[in-house]
Amino acid sequence: MILSLPEQRRPSLFRDDEPVVQGRSLLPEAREPGARIPRFGDRNIWNFNGILKRPANCTAASWMVHFSYELEDPYWNLLTREFLMVTFNPRHPEVLRNGVVLDGYGSPNTLIQMASRVRTAAKWGHKNGLPAHPDAWTVHDLRQRIIDLAAAGTRPDTVRGHVTALKNLAAAVPVLSLPWPVGDPWPGQSARNVAQLSTSANLSTPAVPPATWFPLIRAAWAYIHDFAPDIQRTARRHDELLAAANPSALDIDERLEEWLA
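And the structure:
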């Protein structure tokens, strides 16, 4: 058994030459011989430009996953690549064989978010004196990570995203070759509940006061009731003038002088 890292429990279930994009419709250029498709063994960047259709509101930079900063560490790098591979390919035979089911994510944008959440968790651990790698972390450490996020004033919906990432990492343990704290840090609780998001049925947008919308109603009524006849007469006169106009520019100077006279 060949292991690239001493902490590995077994070789990775994914081959280095295995494409990251599986079971998805590729762009025509990505189907050409020799096209560069991201592979699991790519340790620096997964570039989906020219591979998967990119929405118009996404930049080219938002279509790439960078394994930078904390994710350059070999342990965090391999762990993150395996996690993203599971996230992006939920129907992979090895994923199905191990009974791993994660919340569905199908966009490179989501992979960028997941990588960022793992990266910031590693940065938080280093800042707070935890062991360099999560093989020595506990679920208590993961719960403390979320407590610290909330205490720093992080928005609840952002906290929820970090909770989801940690819960999914726990669910992915059977297919990870590197150790991760075993067990859901928040069993029986949804990410929304952990992040303490409001479940109120009240409208999030306050009601517009009558002093604001009464004048708008009166102005709209005046436009319809008072000004509409004049607007319609003006529109008809405009159409009449267009119909009577001479489309030719011949002798236009003479006709202008005649009109001025």
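Numbered per my numbering, the sequence shown spans residues 9 to 269. Ideal Cβ positions, reconstructed from N, Cα and C, are used throughout, including at glycine.
Would a C-beta distance cut-off of 9 Å place residue i and residue j closer than the cut-off?
| i | j | result |
| --- | --- | --- |
| A144 | L138 | yes |
| W71 | P116 | yes |
| L21 | S198 | no |
| E78 | H148 | no |
| L87 | V28 | no |
| V108 | A43 | no |
For residue i, which option in the options has the closest C-alpha, if you only look at C-alpha atoms?
| i | options | result |
| --- | --- | --- |
| V190 | P142, Y83, L60 and N65 | P142 |
| Q30 | P19, L157, G114 and H170 | G114 |
| R125 | T172, P98 and C66 | T172 |
| I120 | A130, F56, K131 and V108 | F56 |
| A203 | T162, A38 and P223 | T162 |
| N52 | A158, R89, A269 and A160 | R89 |
| A38 | G58, R99, T166 and H170 | G58 |
| S76 | C66, R127 and R105 | R127 |
| L104 | V183, W54 and A130 | V183 |
| D192 | R200, N176 and N201 | N176 |
| W54 | R62, K61 and I45 | I45 |
| N85 | P164, R200 and A130 | A130 |
For the beta strand (DSSP E) containing residue i, list its first residue and its last residue.
| i | result |
| --- | --- |
| I53 | I53 to N55 |
| V73 | M72 to H74 |
Tell me the rounded alpha-carbon separation between residue i and residue j.
| i | j | result |
| --- | --- | --- |
| Q16 | L110 | 22 Å |
| R32 | H74 | 21 Å |
| A209 | R47 | Here A209 scores only 47 on pLDDT, less than 50, and its place in the model should not be relied on; the value that follows carries that caveat. The alpha-carbon atoms of A209 and R47 are separated by roughly 45 Å. |
| L264 | W221 | 50 Å |
| Y231 | A252 | 29 Å |
| D261 | L250 | 20 Å |
| H35 | F235 | Before going further, note that residue 35 is Leu rather than His in the sequence given. Cα-Cα distance, rounded: 54 Å. |
| A69 | A123 | 14 Å |
| D238 | I225 | 20 Å |
| H100 | Q152 | 33 Å |
| G169 | P41 | 38 Å |
| L211 | P14 | Unreliable placement is indicated for L211, whose pLDDT of 46 sits below 50; no coordinate value is reported for it. |
| V181 | A159 | 28 Å |
| L11 | T118 | 29 Å |
| R23 | A140 | 26 Å |
| E248 | P218 | 43 Å |
Just confirm the distance between the C-beta atoms of residue i and residue j, as a whole number of angstroms; I'd bet it's less than 8 Å.
| i | j | result |
| --- | --- | --- |
| D81 | G49 | Their Cβ separation, rounded to whole angstroms, is 17 Å, which puts D81 and G49 out of contact at 8 Å. |
| D156 | W194 | About 15 Å; that fails the 8 Å criterion. |
Just reading off the alpha helix (DSSP H) that residue i is part of, what are its end residues?
| i | result |
| --- | --- |
| K135 | P116 to K135 |
| I155 | V147 to A159 |
| K175 | P164 to A179 |
| I45 | Element bounds for I45: n/a, residue is neither H nor E. |
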